[in-house]
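In the UniProt record's numbering, the protein residues as written are 1 to 300. Even for Gly, the Cβ is constructed at its ideal location relative to N, Cα and C. A short write-up of the structure that comes next.
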Amino acid sequence: MQQKSAKHIARRDFLKMAGIGGVVFASGLAGGRNALAAYQDDFYFVQLSDTHWGFEGAPNPDAKGTLPKAVAAVNSLAEQPDFIVFTGDLTHTTDDPVERRKRMQEFREMTSQLKVKKLYFMPGEHDASLDNGAAFQEFFGKTHYRFAHKGVNFIVVDNVSDPTASIGEAQLQWLKDELATLDKKQRLVVFTHRPLFDLAPQWDWATRDGAKAVELLMPFQNVTVFYGHIHQEHHHMTAHIPHHAAKSLIFPLPAPGSVPKRVPLAWDPAHPYQGLGFRDIEAEAAKPALEITELPVIKA
């Protein structure tokens, strides 16, 4: 098994010494390394979510500056990630198809300033539900797809292009077919925008047929789901499958069901960008679990 490089160790130590994040979750099946197919090499990737480019007004007085700051924060990481994934709501919704495309073009131009050029995009309902993902596909490609990286399989599931908040039978069949080609011991990471489980259906924090997708994933011994949509860090288990929601890069939302109405949390001038952030996810060859580190937009 390959040992961690000095550069890899330096990145983790840098995060700890800088005080800009902590490992908050070790995500994976506690079945032991021998029960699972190994990573080919250590690596890490970054997840950003819910940038809502085009949003203006309260509660974020820096709506046009937060995404550029996040890009700068990622570029300043001591070691650059292998790739970056954006889990939806790249832009804020608009009924105007011309404005929708303008926002997507601006978003693409800003993210092109990232040092890392291997970027993976998926839509949120703000990007795709009004036109079934047509504009998104013009700028970013397919809304659902699969890729592999250093022994880990990644699957992007689109649960937003259908305005009923469904994955749909055609895509579920695609998912079933893709999973059929994989060994049940292989490590699998799934990206969605909405949660696949019923977190808060009254707030649109669910996927109508998400349980069908989870059922297809159940036979896999080590599968982890990362999603966005709820604008906060959240961790949930369905049997042995962990689901991790990411913070937003525009405004935080209240805890699921904690208040009668889902409204953005107020901006705190004394603690600007509080509740906003992104994360790195680390895969080490010597460990069966993924390690998640939450990072702020601006260092405290």
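- Restricting attention to Gly65, His149 and Phe139, the CA atom closest to the CA of Glu282 is found in His149.
- The DSSP-derived three-state label of Asp127 is helix.
- Note on Gln232: 16 or more other CB atoms within 10 angstroms of its CB, so buried under the neighbour-count rule.
- Taking the C-beta atoms as reference points, Leu114 is found nearer than 7 Å to Val71.
- For Pro242, the secondary structure class from DSSP, reduced to helix, strand or coil, is strand.
- Approximately 18 Å separates the beta-carbon atoms of His243 and Leu172; this is outside 8 Å, ruling out the contact.
- Note on Asp162: 16 or more other CB atoms within 10 angstroms of its CB, so buried under the neighbour-count rule.
- By the Cβ rule, the segment 93-109 counts as touching the segment 124-135, because three or more pairs are nearer than 8 Å.
- The segment 249-263 makes contact with the segment 222-238: 3 or more CB pairs, one atom from each, lie closer than 8 Å.
- Note on the segment 71-107: whole beta strand (DSSP E) runs with a minimum of 3 residues are 83-87, in chain order.
- The DSSP-derived three-state label of Glu109 is helix.
- As the crow flies, the alpha-carbon of Trp53 is around 31 Å from that of Val223.
- In the DSSP annotation of this structure, the continuous segment of the alpha helix (DSSP H) that includes Asp177 starts and ends at Glu169 to Ala180.
- Bounds of any alpha helix (DSSP H) do not take in Phe55, whose DSSP letter is neither H nor E.
- Residue pairing by DSSP places Ser166 opposite Asp162 in a beta bridge.
- Here Thr192 has Val157, Asn159 and Tyr227 as same chain residues with Cβ atoms under 6 Å from its own Cβ, once five neighbours each way along the sequence are excluded.
- For Gln105, the number of other beta carbons within 10 angstroms of its own is below 16, and it is reported as exposed.
- Contact check between the segment 45-59 and the segment 262-274: three or more CB pairs, one atom from each, fall below 8 Å, which counts as touching.
- Residue pairing of Met122 in beta bridges, as defined by DSSP: Thr87.
- If you ignore the 5 residues before and after Thr143, its C-beta comes within less than 6 Å of the C-beta of Pro123, Gly133, Asp158 and Ser161, all in its own chain and listed in chain order.
- Ranked by Cα distance from Leu188, the first of Val98, Glu169, Leu175 and Asp89 is Leu175.
- Across the set Leu276, Pro219 and Thr164, the C-alpha of Thr164 shows the shortest separation from the C-alpha of Pro201.
- The beta carbons of Asp82 and Phe121 sit about 16 Å from each other, so the pair does not count as a contact at 8 Å.
- Secondary structure remark: continuous beta strand (DSSP E) runs of at least 3 residues inside the segment 220-283, in chain order: 223-227, 234-238, 241-245 and 278-283.
- Beta-bridge annotation (DSSP): Gln47 is paired with Val85 and Arg279.
- For Phe147, the three-state secondary structure derived from DSSP is strand.
- Taking all protein chains in view, the Cβ of Ser49 is crowded by 16 or more other Cβ atoms within 10 Å, so the residue is classified as buried.
- Only buried fits Ala289, as 16 or more other CB atoms lie within 10 angstroms of its CB.
- The Cβ atoms of Glu291 and Arg279 lie no closer than 7 Å to each other.
- Beta-bridge partners of Phe139 (DSSP): none assigned.
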